[in-house]
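First the structure, in the form of structure tokens, and then the observations on it.
Number of protein chains: 2
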Amino acid sequence: MEITKESITDWLKTLQYTICRSLETEDGLAKFKEENWEREEGGGGRSRVIENGQVIEKGGVMFSAVSGKTPDFLFKEKEHSISGTSPQETTFFATGISIVIHPQSPLVPIIHMNIRYFEMSNGTKWLGGGIDLTPHYIVDEDARFFHKQLKSVCDKHHESYYPKFKTWADDYFFINHRKETRGIGGIFFDRLNQNEFLNFEQNFAFWQDVGRAFAGIYVELMHKNKTKPYTPEQKQWQLLRRGRYVEFNLVYDKGTKFGLETNGRIESILMSLPANASWLYDFKTKQDSEEQNTLNKLKKGINWIS
Amino acid sequence: MEITKESITDWLKTLQYTICRSLETEDGLAKFKEENWEREEGGGGRSRVIENGQVIEKGGVMFSAVSGKTPDFLFKEKEHSISGTSPQETTFFATGISIVIHPQSPLVPIIHMNIRYFEMSNGTKWLGGGIDLTPHYIVDEDARFFHKQLKSVCDKHHESYYPKFKTWADDYFFINHRKETRGIGGIFFDRLNQNEFLNFEQNFAFWQDVGRAFAGIYVELMHKNKTKPYTPEQKQWQLLRRGRYVEFNLVYDKGTKFGLETNGRIESILMSLPANASWLYDFKTKQDSEEQNTLNKLKKGINWIS
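Respectively, the protein sequence lines represent chains A and B.
Counting in the numbering used here, the first sequence tops out at residue 545, every number present.
Counting in the numbering used here, the second sequence tops out at residue 545, every number present.
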């Protein structure tokens, strides 16, 4: 396909549709509800949310395509500042899909996926995205499966991508005040255009494959774990881990901050928060427990594949 | 008393003791548990936490007294920057009490109180603090009682203080992305030394009275409301309101941000988060319901007293 705003938008809408269908089928009970919304400054979105399913307690597959005057902060971020143009002179267009799924069972992991495309009237454009997994209980076999799937998506396009984007995810999904990663990471990338490895069209193909890979990976993890029995203690541990998820999203996540600061649609932005979460004062895991085992593996730099 | 670091610290410790006794007595079941902790860079604290009481589900009365090299950010905040000294040259001492109480019943309000004293080796010193109330359901009579009590504490020292510090609380305890106040506000003040109204000693006396007023005000609100029956729907509404409390504390609260960024004791800082909280996608209150009535009153600038 020719890569234009319109073709990207159409492709993302189709992807939203196919992902929702896959998740509904595996859930077997709940259906996505849809809201179309408009943004005063330009553009809008199509939010699809599923609640109270058999497998999924709360999840969203959110599409948006917004435009307007380029926000000032893009010119202020030191590491990525765009020189040569003042923000007043440009308009932007941004489109993407964001997904967070909170399952009912503590034995099914939380997953997050985002792919986004950004362009400005001055010709600047880039791709960003990633998929990361937050198991309430880390199971090595599932972690290996997850990372292998992501590696194979990356390797198809360039062998440097998995190690590079895996490290980026480790660094990004880090709850600094807890000194814990949010989960087992995955891949994360931003501001991808052309680089020393691939041209823009090739990177666009990689970006599409990330989006296409999501449903298959998560449905397999749902299917494998959804019928396993669990205890009330495991459910309580899930609520505590969800508390950490809330901490990451409200304190660190750039997409959330951006949305809250730029008058985004609050219900779409905070869809990522779980139906319920818990904080107990100074909770300690038991030695050699599964909970302790999980905490021990919430670290950067683990090679999940070898 | 002569106002010194030592005398302030001693007084705060006694206040922590008397507040905990009052709350325990009114709760009638749970007792505070104590942890003493030390800070690597200097000083430490005495955390007292109560959980699973008859009236209080989770609450903390936290004392701390910390010292060290003055953090750089104090010299960076535009509105309050301290000129004439570079941060490298000064040390600081800060002591205070922070309280958050999350009750079991949705008909008992959440309360927060903080009083703090700060000084630097260059002679700068100030007082800060406040009390604010977050009812899950706003009851005009209780709101009037609460604000009248605070006004009388303020009026005893200077008539300008209640209007000034009430407005400050309205502005501070505001969830900007929701366009809602956190609750019905109260009073909030910072960087109080000498001003056009009172000298430092007089302001110190005001500050002490804020601390002394807390227990009486909250115990009365606990006592009045703790035995009222409530429905599961009201409990669910409480969990949603607690979700907003989490949003405020993690996204906006300066004390929380300061703690997370300066390597504070995480369990003490995040004691303010409730045992459990909830987020439902795009939840709407029913017209003319008590929930809608509460939302309508989560606004700045309401005169609760007249």
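Glycine included, C-beta positions come from ideal geometry on N, C-alpha and C.
| Within 8 Å of chain A by C-beta, residues of the region 289-303 of chain B in sequence order | E290, K297 and G299
| Interface flag, H351/A vs chain B, CB-CB below 9 Å | no
| query | Counting pairs of beta carbons, one from the region 343-359 of chain A and one from the region 471-490 of chain A, are three or more of them closer than 8 Å? | reply | yes
| said: For H337/B, count the other beta carbons within 10 Å of its own beta carbon; 16 or more makes it buried, fewer makes it exposed. Which is it? | reply: The residue you asked about is not His; residue 337/B is Ser in the sequence shown. Answer is buried; the Cβ neighbour count reaches 16.
| field | Any C-beta of chain B under 9 Å from that of T533/A | value | no
| Reference Y256/B, options L534/B, M301/B and T501/B, closest by Cα | M301/B
| message | Quick test of the definition: if touching needs 3 or more C-beta pairs under 8 Å, does the region 507-521 of chain B touch the region 282-298 of chain B? | response | yes
| Y520/A: contacting residues in chain B (beta-carbon distance under 8 Å) | V288, E290, K297, G299, E506 and M510
| task | Name the residue from L268/B, T406/B, L534/B and G540/B whose alpha carbon lies nearest to the alpha carbon of D377/B. | result | The identity of residue 377/B in the sequence shown is Ile, whereas the question assumes Asp. Checked all of L268/B, T406/B, L534/B and G540/B; the closest Cα to I377/B is L534/B.
| field | Residues of the region 474-489 of chain A with Cβ closer than 8 Å to any Cβ of chain B, in chain order | value | L478, G482, V485, E486 and L489
| task | Could you please tell me which residues of the region 392-420 of chain A, in chain order, have their CB closer than 7 Å to any CB of chain B? | result | H416 and R417
| message | Just to confirm my understanding: we take E274/A, look at its own chain, exclude 5 residues before and 5 after, and list those with CB closer than 7 Å. What are they? | response | S286
| message | Strictly below 7 Å CB to CB, what residues from chain B border A269/A? | response | Correct list: empty, because the minimum Cβ distance to chain B is about 12 Å.
| task | Compute the distance between the beta-carbons of T335/A and Y356/A, then report whether it is under 9 Å. | result | At residue 335/A the sequence reads Gly, which differs from the Thr that was named. Result yes, Cβ atoms of G335/A and Y356/A sit closer than 9 Å.
| query | If we ignore side chains and look at the alpha-carbon of each, how far apart do I546/B and E440/A end up? | reply | Nothing about residue 546/B can be read from this structure; chain B reaches only from 240 to 545.
| task | Select from D371/B, K523/B, A454/B and S246/B the residue whose C-alpha is nearest the C-alpha of W407/B. | result | D371/B
| message | Buried or exposed for D381/A, going by 16 or more other Cβ atoms inside 10 Å? | response | buried
| What in chain A is Cβ-close to L499/B, meaning under 8 Å? | N415, H416 and V490
| request: Check each candidate in T501/B, G498/B and Y484/B and name the one with the smallest Cα separation from A514/B. | output: Y484/B
| request: Identify which residue in G281/B, D527/B, L268/B and A304/B has its Cα closest to the Cα of K252/B. | output: A304/B
| query | Which one or two residues does DSSP pair with I349/A in a beta bridge? | reply | T373/A
| said: Which residues in chain B have a C-beta closer than 7 Å to the C-beta of S517/A? List them in chain order. | reply: A514 and N515
| message | Beta-carbon within less than 6 Å of T248/A's beta-carbon, same chain only, minus the 5 sequence neighbours each way: which residues are those? | response | A304 and T334
| query | When DSSP builds the beta bridges, which residues end up paired with A454/A? | reply | Paired residue(s): none; A454/A is not in a bridge.
| task | Below 8 Å CB to CB, which residues in the same chain sit around Q293/A once its five sequence neighbours on both sides are set aside? | result | D266, G267, L268, A269, Q343 and K465
| field | Residue of L460/B, E500/B, K244/B and T524/B minimising C-alpha distance to E472/B | value | T524/B
| query | Does the beta carbon of E472/B come closer than 9 Å to any beta carbon on chain A? | reply | no
| said: I need the boundaries of the alpha helix (DSSP H) containing N532/B, first residue and last residue. | reply: E529 to N535
| field | Backbone secondary structure at I544/B - three-state DSSP | value | coil
| field | Runs of beta strand (DSSP E) lying entirely within the region 405-459 of chain B, each at least 3 residues, in chain order | value | 424-431
| request: Tell me, to the nearest whole angstrom, how far the beta carbon of L431/B is from that of G367/B; I am working on the premise that it is less than 8 Å. | output: 7 Å
| said: Quick check on the DSSP output: the alpha helix (DSSP H) that includes H341/A runs from which residue to which? | reply: Counting along the chain, H341/A falls outside any alpha helix (DSSP H), though it belongs to the beta strand (DSSP E) covering T330 to P342.
| Collapsed DSSP secondary structure at N275/B in the structure displayed | strand
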